[in-house]
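Scroll down for the structure; my scribbles are underneath it.
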Amino acid sequence: MRRAVPAVVITMIGLGALATFKSSPSIATKHAAGAISPGRATTPATGPPPRGTGVPATGAGPTTTGGATRTVDGDAVDNQYGTVQVRVTLLGNRITGVTALQMPFDRERSAYISQQAGPYLQQETLQAQSAQIDIVSGATYTSDSYAQSLQSALDKAHA
Amino acid sequence: MRPLRRTEEQWGTVITVDVHDPVDEEVIDACFAWFRHVDDVFSTWRPDTEIMQIGRGDLSVGDASPLVREVLALSEQMRLETNGAFDISFGAHAPIAPRPGWAPIDPSGVVKGWAVARAAKLLRGAGASCFFVNAGGDVLTSGCPAGSGAGWRVGIQHPWERDRVAAVVAVAAGGAVATSGRYERGDHVVDPRSGLPAVDLASVTVIGPDLAVADAYATAAVVLGPREGMQWLATRAGYEGMGITDDREVLLTAGFDRHRLS
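Residue numbers (the numbering used here), protein chains in the order written: chain A, 1 to 159; chain B, 1001 to 1262.
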């Protein structure tokens, strides 16, 4: 069970050397132009975001030509919560989108996060979905959970 | 040309080596042989390794191999720099086993980055200049991939949603990216000063020239928490960080934006 830490938000305000990220106008413009899937762009902070629909991010693909768009499905991996599987969309060798084909989640946790979400991380993830990625950095995954990682999808796409 | 990429399980995680220059594949073999050797010396999961012998008092540091002494020196440097927020000897005085693989001395928080940097030397010695190594989420880069002026594009794993990244950064000039977090192996980041699990920061990502240092910094920042940890990080020359709090606040050191894409 997660616990709320409301005091942290308040203490952030006084940090001189730190900058709390705010989305820039250019990012907002991109959203408006439909560079990302509109369903996610309009996700309200009061409800859980749509997830696990298995719909490829067709609206999110870059419009440049040269290099074929393709999708690669990761292995379906069972863990204690259920089955996890992701689909990666690539233009050439660059990731242009990631969708969850199967993604079990602790429902209570998901609801909590979206209710508590400030605008910051929410917009971060929206922006990242249309980004192109070579490598993924994250907390050290175990050999078992590697198959669920975005890096494994990248490795598979490049194999 | 097609990159030369290999992925293998090692150190209880998975390592990927990806080289974009025409090099002999033997150098990739050499990298993974080196990683296996590192495991033989530093694993805390087997009783026969040097690091476990030292932990039990069966081997003195003075009699240890040069590799071990080098890692212990680096670890001590990190302990001093972090005022004890990073401490490989925490297990020696922990009241209970803090996690599986517990050991009196456990330098795995710096060994990965240190070993990957050594592997990068092997790759450069073989003529590679454009490559990356990703050891379980800790990333070392070299050069730029073809067609990219900005450098390697590194996605930062979203702490709670496996199919998303929380940010994308560009890393050039041999930069490294390390992420520490509580999401991947449960609440496994323990404050060595109190023995209690770290709270409030779900993950911290550090970009900088040295992967082992970046990894130790990221772990220390998680331990220190959002306010103290991120402020401390902001004082580290040459390193920039991004923290994500449990309530989804994104905290950046002043120079982190320079690495961010779009």
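Each residue gets a CB set at the ideal place from its N, CA and C atoms; glycine is no exception.
Since this is a predicted model, take the numbers as computed values, not measurements.
Own chain partners of residue i with C-beta closer than 8 Å, once the 5 adjacent residues on each side are dropped
i              : result
residue 1068/B : 1041, 1042, 1050, 1051, 1054, 1061
residue 1245/B : 1200, 1201, 1202, 1226, 1251
residue 1077/B : none
residue 1296/B : Examination of residue 1296/B is not possible in this model, given that chain B is present from 1001 through 1262 alone.
residue 1146/B : 1020, 1130
residue 1066/B : none
C-beta atoms of residue i and residue j nearer than 8 Å
i              : j              : result
residue 1044/B : residue 1216/B : no
residue 1142/B : residue 1129/B : yes
residue 157/A  : residue 1183/B : no
residue 135/A  : residue 1152/B : yes
residue 1135/B : residue 1110/B : no
residue 1261/B : residue 1170/B : yes
residue 1023/B : residue 1126/B : yes
residue 1154/B : residue 1139/B : yes
residue 1156/B : residue 137/A  : yes
residue 1004/B : residue 1025/B : yes
residue 133/A  : residue 1168/B : yes
residue 1074/B : residue 1212/B : yes
Residues near residue i by beta carbon distance below 7 Å, same chain, minus five either side
i              : result
residue 1102/B : 1091
residue 1158/B : 1164, 1165, 1166
residue 141/A  : 149
residue 1064/B : 1050, 1054
From the options, residue whose alpha carbon lies closest to that of residue i
i              : options                        : result
residue 1038/B : 1010/B, 1056/B, 1024/B         : 1010/B
residue 1079/B : 1056/B, 1106/B, 1057/B         : 1106/B
residue 1194/B : 1046/B, 1084/B, 1072/B, 1253/B : 1084/B
residue 1177/B : 1206/B, 1168/B, 1150/B         : 1206/B
residue 1021/B : 1243/B, 1144/B, 1196/B, 1089/B : 1144/B
residue 1237/B : 1247/B, 1243/B, 1249/B, 1256/B : 1256/B
residue 1210/B : 1112/B, 1229/B, 1035/B, 1259/B : 1112/B
residue 1161/B : 1064/B, 1071/B, 1192/B, 1248/B : 1248/B
residue 1035/B : 1258/B, 1108/B, 1243/B, 1057/B : 1108/B
residue 1104/B : 1258/B, 1196/B, 1008/B, 1047/B : 1047/B
residue 1086/B : 1192/B, 1033/B, 1259/B         : 1192/B
residue 1150/B : 1229/B, 1033/B, 1015/B, 1259/B : 1259/B
residue 1033/B : 1057/B, 1056/B, 1008/B         : 1008/B
Cross-chain neighbours of residue i in chain B, by beta carbon under 8 Å
i             : result
residue 155/A : 1005, 1007, 1016
residue 90/A  : Ordered by position in chain B, no residue passes the 8 Å Cβ test against residue 90/A, which lies about 13 Å from the chain.
Residue i: contacting residues in chain B (beta-carbon distance under 7 Å)
i            : result
residue 75/A : Result: empty, since nearest Cβ-Cβ is about 13 Å, beyond 7 Å.
Proximal residues to residue i (C-beta, below 6 Å), its chain only, five neighbours per side dropped
i              : result
residue 1180/B : 1204, 1218, 1219, 1222
residue 1031/B : 1017, 1119, 1122
residue 1214/B : 1176, 1178, 1206, 1208
residue 1006/B : 1017, 1028
residue 1253/B : 1233, 1234, 1240, 1241
residue 1013/B : 1136
residue 151/A  : 136
residue 146/A  : 152
Residue i: contacting residues in chain A (beta-carbon distance under 8 Å)
i              : result
residue 1110/B : Going along chain A, no residue has its Cβ under 8 Å from residue 1110/B, so there is no contact; the nearest lies around 13 Å.
residue 1184/B : 138, 139, 140, 141, 142, 145
residue 1152/B : 134, 135
residue 1178/B : 137
residue 1013/B : 140, 141, 142, 143, 146
residue 1157/B : 136, 137, 138, 139, 149, 150
residue 1181/B : 138, 139
Chain A residues whose Cβ lies nearer than 9 Å to that of residue i
i              : result
residue 1203/B : 138, 139
residue 1137/B : 136, 137, 138, 139, 140, 141, 149, 151
residue 1061/B : In chain order: nothing, as chain A lies at least about 26 Å away.
residue 1132/B : 134, 135
Interface partners of residue i on chain A, CB under 7 Å
i              : result
residue 1043/B : Simply none; closest approach about 14 Å.
residue 1082/B : Residues of chain A passing the Cβ test: none, with the nearest at roughly 17 Å.
residue 1032/B : Under the 7 Å cutoff, chain A gives no residues; its nearest Cβ is about 15 Å from residue 1032/B.
residue 1258/B : Those within 7 Å of residue 1258/B in chain A number zero; the least Cβ separation is about 12 Å.
residue 1145/B : 134
The ligand GDP heavy atom lying under 7 Å from the CB of residue i
i              : result
residue 1050/B : The model depicted lacks the ligand GDP and carries no ligand whatsoever.
Return the chain-ordered ranges of every beta strand (DSSP E) run that is complete within the region 1145 to 1212 of chain B and spans a minimum of 3 residues.
Assignment of beta strand (DSSP E) within the region 1145 to 1212 of chain B, counting only whole runs of 3 or more residues, yields 1152 to 1157, 1165 to 1171, 1176 to 1181, 1201 to 1208 in chain order.
Could you pull out every unbroken beta strand (DSSP E) segment of at least 3 residues lying fully inside the region 1067 to 1091 of chain B, listed in chain order?
You should have found no qualifying run.
Contiguous beta strand (DSSP E) assignments of at least 3 residues, all confined to the region 1224 to 1249 of chain B
Complete beta strand (DSSP E) runs here, min 3: 1240 to 1245.
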